[in-house]
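Sequential numbering from 0 applies to the sequence shown in numbering that gives the first Met the number 0.
Think of the CB as a built atom: it goes at the ideal place given N, C-alpha and C, for glycine as much as any other residue.
Remember, it's a predicted structure, so these values are computed and weren't measured experimentally.
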Amino acid sequence: MSRFVHSRLARMSNGRFCLIRDLGPVKGGKGLKHHEVVLELSVRGLLRFAASTIRTDRIHDVTPQESEAQMQTTLSST
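As structure tokens, this is what we get:
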């Protein structure tokens with residue numbers, strides 16, 4: 000849930016809705032701000048978010064013994 004800290008809902012110029020996080024002012028931009036799209040609220044955006052969440056969960060679920068066994072298997076196959 001830390002992805003959504005300081006995020007807000009915004010409607011982009013092409014009509015899609017996104018959760019964005021402001022990154023700060025643009026140099027010489029007269030009030031414009033850089034932003035990062037945290038979550039695109041569309042079918043494609045939600046699928047990308049779900050896939051990235053699953054990937055990070057798999058990375059965090061690997062225990063040191065499992066990762067060591069995987070490294071040994073990879074090294075022995077080469």
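What are the boundary residues of the beta strand (DSSP E) that residue i is part of?
i   : result
K32 : K32 to E39
For residue i, count neighbouring C-beta atoms within 10 Å of its own C-beta (all shown protein chains included) and say buried if the count is 16 or more, exposed if not.
i   : result
I19 : buried
Could you give the DSSP three-state label for residue i: helix, strand or coil?
i   : result
S51 : helix
G14 : coil
G28 : coil
What's the gap between the Cα of residue i and the Cα of residue j?
i   : j   : result
R15 : E39 : 8 angstroms
P24 : T52 : 29 angstroms
N13 : D56 : 32 angstroms
M11 : A50 : 23 angstroms
V42 : V36 : 15 angstroms
G28 : R47 : 31 angstroms
G30 : S6  : 19 angstroms
K32 : R54 : 30 angstroms
So, residue i versus residue j, is the Cβ gap smaller than 8 angstroms?
i   : j   : result
L22 : H34 : yes
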